[in-house]
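Residue numbers (the working numbering): 1407 to 1753.
C-beta: ideal position from N, C-alpha, C; glycine also.
Contents: one structure, followed by commentary.
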């Protein structure tokens, strides 16, 4: 299926339009957030008519829920598949948009609401971009894009890399303002290193012990921890950019002091441990029947004390942050997206 921008270029070529028309239309759609052909300044009516069958959006916004620092939108594709995006507002006036790359997910991580609903659909490049354009058209200034919504981005590599290309060229975003999170699909990591070395990379580790991680995240069988870290080390050696390690704090499961020591040792053993940054994530239950619970504050404090005592070369410490909670009250936080709440939408 051809994407929107390719379709526009084809129509302009067939109607013998000058190059500046493509530049005008691209700026109007992808940077100014214009949502109708007749609203693009100086666009000839005949050309607007020729373009009229080209959709401005492939997504239908079905419902919106908000909390003080998060706004979650439920979208439906033309085929009726659902997905969610979350706009996050920080007190520093920074705004980040968490986008989905798939409807559902096939990887079955046991702690993730998205994984519980299974795989539904790989999103097209337009369906990924239209999450961003929806908020742009509402007047939001989006400072960064994070591929941490529904789905595993590298399991939908064709659309992901096409979206990265369009976000950085058509939308004008710096690669440093884009982050891709993965559970460790090595081919995707390697391609990101080669094709988009400036894009931020995050690896969802969640346990430093291979057997336990396999029980929590079946993808570990195909991509063991040691192999993934080899790819991450290579990414760092090529890009000289920081890699983020996401670590989920599950009470009585992944938050022991042994886990903390193993995590610290794993990072300290890397060739460039100073370019790894651990993001500790407090677990966000998906329902009242959830089998996992978030770690208590005193256990997180004890865990971080172990990390602080893990020494790196030149007297440095392991870098870590306890990730702030956003949108837990509206099921918009990490691991909670399921696109499953009741709506009146019918495809």
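For residue i, report the span of its beta strand (DSSP E) as first-last.
i	result
residue 1492	1488–1495
residue 1480	1476–1483
residue 1553	1550–1553
residue 1584	1584–1588
Give me the DSSP bridge partner(s) of residue i.
i	result
residue 1688	1655
residue 1421	DSSP lists no partner for residue 1421.
residue 1723	1717
residue 1528	1508
residue 1472	1477
residue 1681	The partner list for residue 1681 (beta bridge, DSSP) is empty, contrary to what the question assumes.
residue 1502	1494 and 1550
residue 1650	1608 and 1683
Please state whether DSSP places residue i in a helix, a strand or coil.
i	result
residue 1609	strand
residue 1618	helix
residue 1467	strand
residue 1638	helix
residue 1728	strand
residue 1700	strand
residue 1709	helix
residue 1428	helix
residue 1581	helix
residue 1738	Unreliable placement is indicated for residue 1738, whose pLDDT of 46 sits below 50; the coordinate value is still reported in the next sentence. In this structure, residue 1738 counts as coil in the three-state DSSP scheme.
residue 1412	helix
residue 1645	helix
residue 1438	coil
residue 1626	helix
residue 1384	Residue 1384 is absent from the model: the chain starts at 1407 and stops at 1753.
residue 1446	coil
residue 1516	coil
residue 1433	helix
What is the residue span of the alpha helix (DSSP H) that residue i lies within?
i	result
residue 1534	1531–1543
residue 1594	1592–1601
residue 1572	1563–1575
residue 1520	1519–1522
residue 1451	1451–1457
residue 1670	1663–1674
Should residue i be counted as a contact of the ligand NAP given a C-beta to heavy atom distance under 6 Å?
i	result
residue 1542	With respect to the ligand NAP, the structure offers nothing, as it holds no ligand at all.
Let me know if residue i comes out buried or exposed under the rule of 16 or more other beta-carbons within 10 Å of its beta-carbon.
i	result
residue 1699	exposed
residue 1641	buried
residue 1500	exposed
residue 1452	exposed
residue 1696	exposed
residue 1565	buried
residue 1520	buried
residue 1609	buried
residue 1507	buried
residue 1483	buried
residue 1470	exposed
residue 1670	buried
residue 1498	exposed
residue 1635	buried
Check whether the stretch 1509–1516 and the stretch 1436–1451 touch, using three or more Cβ-Cβ pairs below 8 Å as the test. Segments in contact, no.
Give a yes or no on contact between the stretch 1532–1542 and the stretch 1580–1597, applying the rule of three or more CB pairs nearer than 8 Å. no
Is the stretch 1585–1600 close to the stretch 1684–1693, with three or more CB pairs under 8 Å? no
At a cut of 8 Å, does the stretch 1628–1640 reach the stretch 1704–1718 through at least three beta carbon pairs? no
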